[in-house]
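Numbering (this note's numbering), first residue to last: 2 to 154. Worksheet for the structure shown next.
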Ligand SMILES: Nc1ncnc2c1ncn2[C@@H]1O[C@H](COP(=O)(O)OP(=O)(O)OP(=O)(O)O)[C@@H](O)[C@H]1O
Ligand SMILES: [Mg+2]
């Protein structure tokens with residue numbers, strides 16, 4: 002299978018926020034984005050700027066307090082799931098399936114291992130690597146039909 006790959010270095014918080022904003026602007030609705038990486042590598046930081054870039058002014062809450070949060074944007078809602086430390090998605094499973102099937106809203110998931118099998122469409126994966134106190138490497142991977150998401154970053 003063909004995949005599109007892009008590697009981006011981020012030397013500081015601001016750069017990660019810029020990447021998120023651009024990604025948020027590229028969203029059309031219906032996309033699924035999976036964020037992988039160590040604790041504190043920048044997943045929620047990126048999520049906050051994706052919402053901002055997509056036009057939401059909703060507050061992004063702290064990671065790992067809530068399993069799910071949502072951000073209202075002009076044309077769609079972004080649903081942010083964080084399954085950190087969960088072995089089972091519980092009721093969130095049905096909600097996730099419903100959102101995937103509605104096809105309009107955007108889904109961003111941290112710690113997605115336990116629900117990966119539920120995702121029946123192509124998604125963008127972003128792997129975060131901590132390379133230093135302020136530096137991160139972001140590896141973006143998607144199938145060609147989602148290339149528009151990462152093209153202009
Ligand atoms: N280049 C960078 N990009 C992103 N965050 C950075 C960068 N440099 C430093 N940071 C800091 O790293 C931390 C990233 O925290 P964040 O909550 O986004 O991580 P996370 O991957 O969501 O963690 P968790 O797995 O606990 O949810 C923040 O404190 C942020 O200020
Ligand atoms: Mg987080």
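Glycine is no exception: its CB is placed at the ideal position from the N, C-alpha and C atoms. These figures come from a predicted structure and were not determined experimentally.
Taking the C-beta atoms as reference points, residue 36 is found nearer than 8 Å to residue 127.
DSSP places residue 50 within a helical segment (H, G or I) once states are collapsed to three. A distance criterion of 7 Å places the beta-carbon of residue 126 beyond contact range of ligand 1, judged by its closest non-hydrogen atom. Taking non-hydrogen atoms of ligand 1 into account, the C-beta of residue 41 is found less than 7 Å away from one of them. Looking at the DSSP output, residue 8 sits in a beta bridge with 140.
Taking 8 Å as the cut-off, the beta carbon of residue 154 is found closer than this to the beta carbon of residue 23. Residue pairing of residue 126 in beta bridges, as defined by DSSP: 35 and 142.
When beta bridges are read from the DSSP output, residue 72 appears opposite 79. When the beta-carbon positions are compared, residue 112 and residue 129 stay at least 8 Å from each other. Comparing alpha-carbon positions, the option among 98, 147 and 41 lying closest to residue 133 turns out to be 41. Distance from residue 10 to residue 136 at the Cβ level is roughly 7 Å; contact confirmed, criterion being Cβ atoms closer than 8 Å. Beta-bridge pairing by DSSP links residue 131 to 137. Assigned with DSSP and collapsed to three states, residue 108 falls in strand.
If you draw a straight line from the Cα of residue 72 to the Cα of residue 118, it comes to about 25 Å.
With respect to the C-alpha of residue 32, the residue from 151, 131, 123 and 38 having the closest C-alpha is 123.
Classified as buried, residue 50 has 16 or more neighbouring CB atoms from the shown chains inside 10 Å of its CB.
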